[in-house]
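Enquirer: Pasting in a structure now, in structure tokens, and then I'll have a few things to ask.
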Amino acid sequence: MLVTDRDCQTGGARFAVPTLGEIEGKLLVSEVVATSCLRQLFAHSDGAAMRGIKRRIRRLLQIRCRAEKLSHDDTEAAVEYAFQLVEAAAEAVGRKTTVSSKPGGCETIRRLRAMHSPDHR
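Numbering (the UniProt record's numbering), first residue to last: 1 to 121.
Given below as structure tokens:
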């Protein structure tokens, strides 16, 4: 996995550029954490939870993107990607949501959906 203290590592782990395996590992961990958290959240909340999550995501991404001096278009693209990811995770844990305007979504979203399909189990 990706580590911050590379100087103390041996072999390839000490290099500054992460391997594809490290990046995929981080994405996998993010997917598992997101679906686990959403499953727990949805088990103990009503339908308003998704709206609150999306509002918070939009607000936090706008703040972070502004701090990074990203354009409005890049900020909106980041928000759209985040919403696709949340919707796919919600679908994966059994909560159907409004489908994003982009069919299929990105590879991570397709993998999340596939991870929890009946054929995958």
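C-beta atoms are modelled at their ideal positions from N, C-alpha and C, and glycine is treated no differently.
If we count the other Cβ atoms within 10 Å of its Cβ and call it buried at 16 or more, is V17 buried or exposed?
Expert: Classification for V17: exposed.
Enquirer: Cα-Cα, which of L27, F42, S30 and E22 is closest to A90?
Expert: If we check each option's Cα against that of A90, F42 comes out closest.
Enquirer: Assuming L38 and V93 form a contact by the criterion Cβ under 8 Å, report the distance between their Cβ atoms to the nearest whole angstrom.
Expert: Confirmed, Cβ separation roughly 5 Å.
Enquirer: Does the distance from the CB of I57 to the CB of A88 come in under 7 Å?
Expert: No, the Cβ-Cβ distance between I57 and A88 is not below 7 Å.
Enquirer: For V99 and I53, what's the separation of their Cα atoms in angstroms?
Expert: Low local confidence applies: a pLDDT of 43 at V99 is under 50, so the model's placement there is unreliable, and no value is given.
Enquirer: Taking all protein chains shown into account, decide if E24 is buried (16 or more other Cβ within 10 angstroms of its Cβ) or exposed.
Expert: Per the 10 Å Cβ criterion, exposed.
Enquirer: Distance, Cα to Cα, R66 vs V86?
Expert: Taking the straight line joining both Cα atoms gives about 22 Å.
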